[in-house]
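Undergrad: Read left to right, the sequence shown gives residues -2 to 209 (my numbering).
By construction, the Cβ of each residue, glycine as well, lies at the ideal position given by its N, Cα and C atoms.
These numbers were taken from a predicted model, which means no experiment stands behind them.
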Amino acid sequence: MIRLVSLTIFILSAQTILAQREFKGGLMAGGVTSQISGDGLGGWDKFGLVGGAWVEIPLSDRMGLNMSMKYINKGSRTKVDSVSFQTFGYYLNYIDVPLLLTYRVNSASQKNPVDLLLGPSVGILLNQKIVSNGFEVEVNPPFRNFEIGAELAFRAWLGRSVFGQLAIATSVLPTRPNPSQVNKLSYYESGNYNQSIQLTIGLRLGGNSAAE
């Protein structure tokens, strides 16, 4: 809880600083599909929601700096077995804070500008659980409280204040130790890594048009 409060204060302070310059900001929400690399389940079969707020400050005609604070469902799960009907899944809820450099791919004067966003992100784990056949099971070993990752996104403005965004995010450091590591020298096998694909709709609140 202390970490979450500290993160909230950081975000609000950053927004106050940005407010002293020309910036844009708003809300975003959508769906997410996720998996955990190294958990042995395989497949993008865990679906959830993502939503939050974002702010962006221009650095030049084509470049900017975007920061968001998003609540997101992560984890992984197996498909329902058609014979035994057994299920198993990891359910993880995070607050993610990506800090992304933005680049305007086409001319800002065009009707529907497109942006490329790339950068690091920090995640705070809110809660975690394993559900096996409808029953909650202890998570052992547990996931770490912090996640360090990276995010790549494509944003297309659909009008003056609405955009669609496709983002791909992954952990770059293990989110927990691998409980069944085979190759002790393999960095990839040293732990589990959260991976997600996020499809969101964003709304810009106030300010000028997206192309300005």
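Could you give the residue range of the beta strand (DSSP E) that holds W154?
TA: 143 to 154
Undergrad: With DSSP as the reference, identify every bridge partner of W41, one or two as the case may be.
TA: W41 is not bridged to any residue.
Undergrad: Do P95 and E148 have their C-beta atoms within less than 7 Å of each other?
TA: yes
Undergrad: Going by DSSP, name the residue or residues bridged to P174.
TA: According to DSSP, which records beta bridges pairwise, P174 is partnered with G188.
Undergrad: From the DSSP secondary-structure annotation, give me the bridge partner or partners of K71.
TA: L89
Undergrad: When burial is assigned at 16 or more other CB atoms within 10 Å of the CB, is M64 buried or exposed?
TA: buried
Undergrad: Less than 6 Å between C-beta atoms, sequence neighbours within five positions excluded: which residues of the same chain meet that for L202?
TA: Here the set comprises G23.
Undergrad: Please list, in chain order, all residues of the same chain as W41 whose beta carbon is under 6 Å from its beta carbon, the five residues on each side excluded.
TA: T30, Q32
Undergrad: I'd like to know whether the C-beta atoms of Y91 and K71 end up nearer to each other than 7 Å.
TA: yes
Undergrad: Can you name the residues that DSSP bridges to G193?
TA: Here the sequence assigns Ser to residue 193, which means Gly is not the residue at that position. Partner residues in the beta bridge of S193, as assigned by DSSP, are S31, A166.
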